[in-house]
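In what follows, a structure is listed as structure tokens, so that the remarks can point back to it.
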Amino acid sequence: MKFTTINIAVVPGVGYSHLVPILQFSKLLVHLHPYIHVTCLIPTLGSPPSSSKTILQTLPSNINYTFLQPVYPKDLLPQGTTVESQLQLTVTRSLPFIHQALKSLALRTPLVALVVDCFAVEALNFAKEFNMLSYIYYPCAATTLSLGFYLPKLDEETSCEYRDLPEPIKIPGCIPFHGRDIYAPAQDRSTQAYKLLLQRVKRFRSVDGVIINSFLEIEKGPIEALTEEGSDNPPLYPVGPIIQTVTSSDDANHSFECLTWLDKQQPCSVLYVSFGSGGTLSQEQIVELALGLESSNHKFLWVVRAPCSSSSSAAYFSNSEQNDIDLSQFLPPGFMERTKEQGMVILSWAPQIQILNHKSIGGFLSHCGWNSILESVMHGVPLITWPLFSEQRMNAVLLSEGLKVGMRPRVNENGIVERLEVAELIKCLMEGEEGGKMCIRMKKLKENAINTLKENGSSTKTLSQLALKWRNLMHES
Ligand code: UDP
């Protein structure tokens, strides 16, 4: 049976982890439902990062994309100082270009749905004008989405900072969170970042659906609570875990050296250490981590970025890889020489999917970005949870206290994880009884994740429901 083409428009966020996941979702959507055609209108902050550009070369013919006129960091000041504010304000500044692009698309063909990243909700204001259904693509955990739906109420009922609340916060269906662990923009309620957050999450309620990169077995509590009858939430479409099959990189050579190194290691013997697409550590923390890795006596593969003391998300919007930095400037003296048999250090960017898929990897010390977590789950690798910014602390709590597939390091009064703690946790994960149990739980979670993506799996069916809804709508009109 031949179907009429269904056209949808997609607005990603800026930054690797708000562009690549929604493109990956679009790829899966058109692969399973080839009668759908996607046009991506991509907001940009400065120029797009090279690591994101390579995925655009892998898009099939039924996905088109256009880069919108770029916004520059100076255009976002003074409000745009945090990652989250920059993500949102870039879209705010891009609204006229999004409107223009939708208008010219709608002149050519009827558009059925507008799907936007969770930081691009303002673009949904145009859905009505062009007679489109409106959806959010939420590339993070259902737990953090739940906090979004709950936040306006919490805001009304709370007079102090959340971190000063004596009792944990009970978000419907979620494990309890201490106020200091909820996402970063909610840590200081007097800031512009908090006001923007509230504005954004209030908008979440009035959409036709939220498509989320999660699945029931990893977040049963929040997903069930979000979809409970009478909850007044928009329909939720859990379609995850959607991850890339290989990490795209525009410089394959420097990346693949580490895979050859991994080939020479024992199965499950190597700890992979990475802080996502833009996480950075302070100089002091880099030294403690390096000495902890060394004294653990375990093999490691560490993706290193130059230190930054002012912000742990300093490299998030950086458009260039740090290929020319001098490691001796910030790694402990003699570290590289002493650990040359024990570990490998990679500058700034690694082929993460290929690494996690390698049989030599036995653990992942991660900053707990949601994509990294899903990638670790899909490859059955237990974690050491080392959150840095955004909603990563919530993810760390979910992994360590909820799913029990990750161990969380203790932080000293200066906010530093000391070398002894690093070494002990690595030993515990890689050779201890608790690490073994986590590994078993992670393998089970992996099995569930794989099943949910099979032809009859719940995520595949959910995606089909959505496609069917769009198809019916198109036929009706
Ligand atoms: N990533 C990668 N190589 C690196 C660092 C990160 O391929 O050296 C990818 C990783 O596989 C994941 C994404 O970047 O898909 C990071 O997303 P996540 O949500 O984990 O963290 P964020 O970048 O948002 O902090």
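Quick note on numbering: the sequence shown equals residues 1 to 477 in the numbering used here. Beta carbons are placed, not taken as given, at the ideal position from N, Cα and C, and that holds for glycine. These numbers come from a predicted model, not from an experiment.
Residue i - DSSP class collapsed to helix/strand/coil
i	result
residue 299	strand
residue 280	coil
residue 96	helix
residue 289	helix
residue 193	helix
residue 141	coil
residue 171	coil
residue 445	helix
residue 155	helix
residue 385	strand
residue 402	helix
residue 112	strand
residue 117	strand
residue 344	strand
residue 135	strand
residue 9	strand
residue 40	strand
C-beta atoms of residue i and residue j nearer than 8 Å
i	j	result
residue 390	residue 383	no
residue 198	residue 152	yes
residue 396	residue 332	no
residue 166	residue 176	no
residue 189	residue 156	no
residue 283	residue 335	no
residue 186	residue 82	no
residue 356	residue 373	no
residue 21	residue 62	no
residue 9	residue 370	no
residue 459	residue 215	yes
residue 288	residue 418	yes
residue 120	residue 133	no
residue 183	residue 394	yes
residue 86	residue 45	yes
residue 292	residue 422	yes
residue 98	residue 130	no
residue 103	residue 59	no
residue 427	residue 296	yes
residue 325	residue 350	no
residue 346	residue 439	no
residue 246	residue 88	no
Residue i: CB within 7 Å of a non-hydrogen atom of the ligand UDP
i	result
residue 371	yes
residue 247	yes
residue 261	no
residue 381	no
residue 138	no
residue 183	no
residue 302	no
residue 350	yes
residue 298	no
residue 240	no
residue 135	no
residue 272	no
residue 212	no
residue 353	yes
residue 279	yes
residue 276	yes
residue 312	no
residue 376	no
residue 16	yes
residue 475	no
residue 99	no
residue 367	yes
Expected contact under 8 Å - CB spacing of residue i and residue j to nearest Å
i	j	result
residue 367	residue 387	6 Å
residue 135	residue 243	Their Cβ separation, rounded to whole angstroms, is 20 Å, which puts residue 135 and residue 243 out of contact at 8 Å.
residue 363	residue 429	5 Å
residue 173	residue 225	3 Å
residue 42	residue 12	6 Å
residue 101	residue 144	Between residue 144 and residue 101 the Cβ distance is about 29 Å, and since that is not below 8 Å, they are no contact.
residue 237	residue 361	Not quite, the Cβ-Cβ distance comes to about 31 Å (not below 8 Å), so this is no contact.
residue 124	residue 116	6 Å
residue 445	residue 218	6 Å
residue 344	residue 6	With 8 Å as the limit, residue 344 and residue 6 do not qualify as a contact, their Cβ atoms being about 47 Å apart.
residue 409	residue 420	Going by Cβ atoms, the distance from residue 409 to residue 420 rounds to 10 Å, so no, they are not a contact pair.
residue 411	residue 348	That belief does not hold up - the Cβ atoms of residue 411 and residue 348 are roughly 25 Å apart, past 8 Å.
Residue i: CB within 7 Å of a non-hydrogen atom of the ligand NAD
i	result
residue 358	No copy of the ligand NAD occurs in the structure displayed; its ligands are the ligand UDP alone.
Closer than 8 Å to chain D by CB, residue i
i	result
residue 443	The displayed structure is made up of one protein chain only, and chain D is not part of it.
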